[in-house]
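Each protein sequence line maps, in turn, to chains Z and G.
Take 479 as the starting number for the first sequence in my numbering and just add one per residue.
Take 116 as the starting number for the second sequence in my numbering and just add one per residue.
Every residue, glycine too, gets a C-beta built ideally from N, C-alpha and C.
Note that the structure is a prediction, hence the values are computed from the model and not measured.
Down below is the structure, laid out as structure tokens.
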Amino acid sequence: MIQLVNWFRRASRERGLDRELQYHYDRRVADLTAAGIPEPEARRRVAVELGLAQVREEVRDVWLTRWLRDFLYDLRFSARSFLRSPGFTATTLLSLALGIGATTAIYSLVDQVILHALPVREPGRLVLVDWNADDLITGAIGSSNQMPHAICRELQQQTRFLDGVLCRAEIQVNLTAGGDPRPVAAEIVSGSYFPVLGVGPALGRVIEPEDDSAPGTGPVVVLSYDFWQSQFGGAADVVGRKVLIGNHPMTVVGVAAAGFRGVDVGAVPAFWMPTSMYADSNLSTSEDLFNGPERWLQILARLRPGVSAAQAQTGLLPWFRPWLEDSTRRPGFPGISAERRRLYLASTLILTPAPQGHSPFRRSLSQPLWVLFAATGVLLGLACLNVAGLFLARGSARGRELGTRLALGASRGRIGRQLLADSLLLAFAGGILGIALAPAAMRALIAFLPHDLAANALRPSLSLDLLGFAFLVSFAAGLLSGIAPALHAGRDNLVNSLRERGGTSSGGARLRKAIVTLQVAFSLILLIGAALFLRTLTGLVAKGPGFNTSNLLAFAIAPLENGYSRVDASRLVRRLDEQVRALPATRSSATARFAVLTGGHWSNKVTMQTDRRIVTDGFINFNSVSPGFFSTVGVRLVAGRDFDRSDTRPPGEIGPRCAIVNQAFVKRYLAGRDPLGVPIARGGGSADVKPDSPIVGVVADMSYRGLRDRSEQVFFPLFEHDDTGATFYIRVRGAPQQAIPSIRRLVQQDDPRLPILWFRTLDDQVSRSLNTERMLAALSGSFGALALLLSLVGLYGVMSFVVTRRTREIGIRLALGATRASTLSLVLRDAVTMIAAGVALALSCVAALGKLVQSQLFGISATDPATIAAAAMVLAAGALAAAFIPAWRASNVSPTDALRLE
Amino acid sequence: MPSPRFPLPQGTLDMLILQILSLEPAHGYGIAQRLDQISRSVVHVNQGSLYPALHRLQQKRWLRAGWKPSETGREAKFYSLTPAGRRQLVVEKDSWARLSGAVNLIFEEGSR
Chain Z
479 MIQLVNWFRR ASRERGLDRE LQYHYDRRVA DLTAAGIPEP EARRRVAVEL
529 GLAQVREEVR DVWLTRWLRD FLYDLRFSAR SFLRSPGFTA TTLLSLALGI
579 GATTAIYSLV DQVILHALPV REPGRLVLVD WNADDLITGA IGSSNQMPHA
629 ICRELQQQTR FLDGVLCRAE IQVNLTAGGD PRPVAAEIVS GSYFPVLGVG
679 PALGRVIEPE DDSAPGTGPV VVLSYDFWQS QFGGAADVVG RKVLIGNHPM
729 TVVGVAAAGF RGVDVGAVPA FWMPTSMYAD SNLSTSEDLF NGPERWLQIL
779 ARLRPGVSAA QAQTGLLPWF RPWLEDSTRR PGFPGISAER RRLYLASTLI
829 LTPAPQGHSP FRRSLSQPLW VLFAATGVLL GLACLNVAGL FLARGSARGR
879 ELGTRLALGA SRGRIGRQLL ADSLLLAFAG GILGIALAPA AMRALIAFLP
929 HDLAANALRP SLSLDLLGFA FLVSFAAGLL SGIAPALHAG RDNLVNSLRE
979 RGGTSSGGAR LRKAIVTLQV AFSLILLIGA ALFLRTLTGL VAKGPGFNTS
1029 NLLAFAIAPL ENGYSRVDAS RLVRRLDEQV RALPATRSSA TARFAVLTGG
1079 HWSNKVTMQT DRRIVTDGFI NFNSVSPGFF STVGVRLVAG RDFDRSDTRP
1129 PGEIGPRCAI VNQAFVKRYL AGRDPLGVPI ARGGGSADVK PDSPIVGVVA
1179 DMSYRGLRDR SEQVFFPLFE HDDTGATFYI RVRGAPQQAI PSIRRLVQQD
1229 DPRLPILWFR TLDDQVSRSL NTERMLAALS GSFGALALLL SLVGLYGVMS
1279 FVVTRRTREI GIRLALGATR ASTLSLVLRD AVTMIAAGVA LALSCVAALG
1329 KLVQSQLFGI SATDPATIAA AAMVLAAGAL AAAFIPAWRA SNVSPTDALR
1379 LE
Chain G
116 MPSPRFPLPQ GTLDMLILQI LSLEPAHGYG IAQRLDQISR SVVHVNQGSL
166 YPALHRLQQK RWLRAGWKPS ETGREAKFYS LTPAGRRQLV VEKDSWARLS
216 GAVNLIFEEG SR
């Protein structure tokens, strides 16, 4: 520290030292002359005795360690020389800033989505508890690691291995807090949630075990800090206020600590409520979720110190085995075969480390993010290569300066270090610029992500971690771009470089060619990636969802969340459906239980009865739709008939009366048969599934979960008494936006307290569902373009350099009768070699990288020959054009001029 | 020309400077002269190496320095001991005493 102060005070330090030494010198000379030595002799002797120059240097070493001093001098020298060539500086700075900025921005998302541990006490000891039993027996839905409430409570007794267990589920509820009800995301959590995570209140208190002791005991909510700030203006008197969840009154008892946003990145809860109040949330109201076997919660546990996840998993077996035995005797346990019973009893709890919590969002986003991270890494590498190339060019221009310094006794290491200081200085300046650019880049990135999730879950802010990362990246970039020129420094023959014209020296041409080759390879990789993602996007857009989306509107309501009973909800939906159909702007309209293209789905296996019993090997996607759904969205009826009113099941009757399947289903399971009339049923496996709903129609395939999905689907008639499906599809006349207000008014007239969850055109829905694809295509496209530009500039630079070096040779060739064409090909041959080598290098990497991106592609293989060939052609054409300009210049060299230059 | 005097053992110069300055503040030339006189010209101190040592000790905050008129009336940079320097001197004297004692013991053991 003192040393750095010394650096900035070095002028006054130097003056002090001079004065001090001068004093010594004068006194000594005076003493010696007084002793009778003649003054000139005295001066000479004192000068030898003291060794002034060396003393000064040694004192300077005391002030500032030698290497640090040298380094600071190097930096100052570098800064001065950069200021002398602003064009060069701006180019290199910009390419580094772009590379570092992009990498930092993507890394921030990777960090926030994938790597960041929860802001809780000792997140490293958190594990996710899952159960590998057959979902069909335990009633789990999909693969979201859900567990029954009972296991959570019993796990809490296992204190030998676990320090605490919490359970939680995401819920969507309508919250009324002194205004209109609004749909918000929330978390319903066990009383152990906050204590186990070690998260405290910012205000009031958090949910405590007493709130969660028995059903209905804790009508309290704890607000999230962000929600409290944005919706309540951070009001201090929020504690004690009453709010409505659906139409159940609850009391706000506190605000959770700032920065805590639940355990799921991507689902930011507005508030937390205890699981004891499950009946007041919009979860199923008919079952006893507190004691029943329903799997509806995720369980996170905190391991005891020193216990590993594997140890705990094994250690829990002696407790879990009897629990399983016991569960088979409980009421409601399905009748299953002996074999499946054996499998069920052999199932175990699976504990996986979860320091980052539980997040389906992370799962869906992590691959695209890693792909982008890899792409920015390549881009940054390219920028470094570009800077290295520019440094080499500058180095050969500075050849004489370096030669002179070598001749004066500078060591090669010393000069190499100087060049390294150059690149480090540039990289850090580039890094600072990059960090300045990063927040804007992050905002742009977040805008590309699925909106509802990303907007509140991700922050475009710089953290200390991020600055550290940017610093490391800058340092690495500085080393990468500086190491080749530094190693190369002074490799040239000293005598040659001092000669007026270093005709024979290579001037780093070979190194520069290697760099350009690498650049070509890197940019081809990025170009191929861009082409693949672009074709995926255009392929998906061209394919569409399987129906015409123009003039099609959709909106959703959730009457159950507002306290409707199932029967009332069903009536409301039917009433609204009729009113919407009566609107003048409506051409046709229908409702579905689940919205399409939103990622959500309802699925199970299907059992069919033909000449034998067939159970599907995979899950089939289901939906319930009203009559006219297919004609409204425009899905063709291939065979049979649509549902009609008579298909609606009267109260009391169990099971749907009939079903419609799609072509994919027929092709997969009923090929070669007449599908009409085949009885089917939801569920598979157990013998009590009775196929009794005949197939009455076959429809063309349409996308359900997303555009990529064209799975087997089965549709059942809506408007059965317990179906409360609430997504409305309306085909309108004229502009869809104009119809929205009148439809909104309809809903409001019916129930002013019922919010519309979302209202959008299907075009908008399609485009939303393509967010990730669009992000990948747009970013990889711009990376590819940038990479292409960088490598073309690099190639152009090297070719110009080579041509300038060979001007004399070319002049002689021309004078001896070589033709323009042969000169042109002479120079171009060089370029072609570099391009071909780069392409070959890239192609060998593409196969390996293909695995990384394959899952993100649609309708195209990662090694699609046509795409790769097209990208390679674009690159080769651009590269040849870049090389052609210097080659043309070479062929136009006038022999007399070239030779006169000598 | 071989010097008739001993070169100063490594690391002892700092200790000697601290010892001299513990008596009274002095400037660089004064310290050099004092070293010469006290050691009765037995020990050879390279005058040049004095200054890096002084600056080093100052950087360690064992010495402080200031410009004052010297005995000739001209301004000179005077060094004096800080409290930390005084403590350091005690430590160094102690360890020197133990080292030389140990060396003496070994010699006496050999000659007995």
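Between Z:Ile1346 and Z:Val1331 the beta-carbon gap is near 13 Å, outside 8 Å, which marks them as no contact. Counting C-beta pairs with one atom in each stretch, the stretch 1063–1081 of chain Z and the stretch 1183–1190 of chain Z have three or more that are closer than 8 Å, which means they touch. When DSSP states are grouped into helix, strand and coil, Z:Val607 belongs to the strand group. Short of 8 Å from the beta carbon of G:Met130, and not among the five residues preceding or following it, lie these beta carbons of its own chain, in chain order: Leu204, Glu207, Lys208, Trp211. Every beta strand (DSSP E) of 3 residues or more that sits fully in the stretch 622–695 of chain Z is shown, in chain order, as 640–654, 660–667, 679–682.
Taking 8 Å as the cut-off, the Cβ atoms of Z:Ala962 and Z:Leu989 count as close.
Among the bridge pairs identified by DSSP, Z:His726 is matched with Z:Ile723. Here Z:Ser1067 is buried. Its C-beta has 16 or more other C-beta atoms within 10 Å. For Z:Gly1133, the closest of Z:Ser1245, Z:Phe1194, Z:Glu535 by C-alpha to C-alpha distance is Z:Phe1194. Between the alpha carbons of Z:Gly565 and Z:Arg558 lies a distance of about 14 Å.
In the DSSP assignment, Z:Ser1081 falls within the unbroken beta strand (DSSP E) covering 1080–1082. Under the Cβ distance rule, G:Gly126 does not count among the residues neighbouring chain Z, no pair being separated by less than 8 Å.
G:Leu214 is positioned such that its CB atom lies no closer than 8 Å to that of G:Leu133. Inter-residue distance for Z:Gly894 and Z:Met1277 is about 25 Å (C-alpha atoms, whole angstroms). Closer than 7 Å at the C-beta level to chain Z, one finds these residues of the stretch 170–186 of chain G: His170, Arg171, Gln174.
For Z:Ala531, the three-state secondary structure derived from DSSP is helix.
Residues of chain G with a Cβ closer than 8 Å to the Cβ of Z:Val540 are, in chain order, Pro167, His170, Arg171, Gln174.
Closest in C-alpha terms to Z:Pro783, from the list Z:Ala1360, Z:Ile1006, Z:Leu604, Z:Leu1054, comes Z:Leu604.
G:His142 is bridged by DSSP to G:Phe193. At least one beta carbon of chain G lies nearer than 8 Å to the beta carbon of Z:Leu528.
With a cutoff of 8 Å on beta-carbon distance, Z:Val733 and Z:Val716 are scored as near each other. In this chain, Z:Phe1033 is not harboured by any alpha helix (DSSP H); it is covered by the beta strand (DSSP E) spanning 1030–1035. Cβ-Cβ distances below 7 Å link Z:Pro1169 to Thr1085, Met1086, Gln1087, Pro1157, Ile1158, Ala1159 in the same chain, with the five nearest sequence neighbours on each side left out; the list follows chain order.
In this structure, Z:Val1074 is the residue among Z:Val700, Z:Leu499, Z:Leu880, Z:Val1074 with its C-alpha nearest to the C-alpha of Z:Ser1102. Taking 8 Å as the upper bound for CB-CB distance, Z:Pro1214 and Z:Leu1031 are in contact here, some 5 Å apart. A Cβ-Cβ separation of about 11 Å leaves Z:Arg1119 out of contact with Z:Val1177 under the 8 Å criterion. Only residues of its own chain outside the window of five on either side were considered, and among them Ile132, Ile135, Leu136, Leu165, Leu169, Tyr194 have a CB closer than 8 Å to the CB of G:Ile146, listed in chain order.
At a C-beta separation below 7 Å, G:Ala191 has these neighbours in chain Z: Tyr501.
The beta-bridge partner set that DSSP reports for Z:Pro1172 consists of Z:Pro1157. Interface residue (Cβ-Cβ distance to chain Z less than 8 Å): G:Gly200 is not classified as such. When secondary structure is reduced to three states using DSSP, G:Lys183 falls in the strand class.
Here Z:Thr570 really is in contact with Z:Leu904; their C-beta atoms are around 5 Å apart, less than 8 Å. The beta carbon of G:Gln174 sits closer than 6 Å to no other beta carbon from its chain once the five residues preceding and following it are set aside. Partner residues in the beta bridge of Z:Tyr1207, as assigned by DSSP, are Z:Ala1032, Z:Ala1068. Considering only Z:Leu1061, Z:Gly1041, Z:Leu1266, Z:Glu648, the residue with the shortest C-alpha distance to Z:Gly1007 is Z:Leu1266.
In the three-state reduction of the DSSP assignment, Z:Met1086 falls in the strand class.
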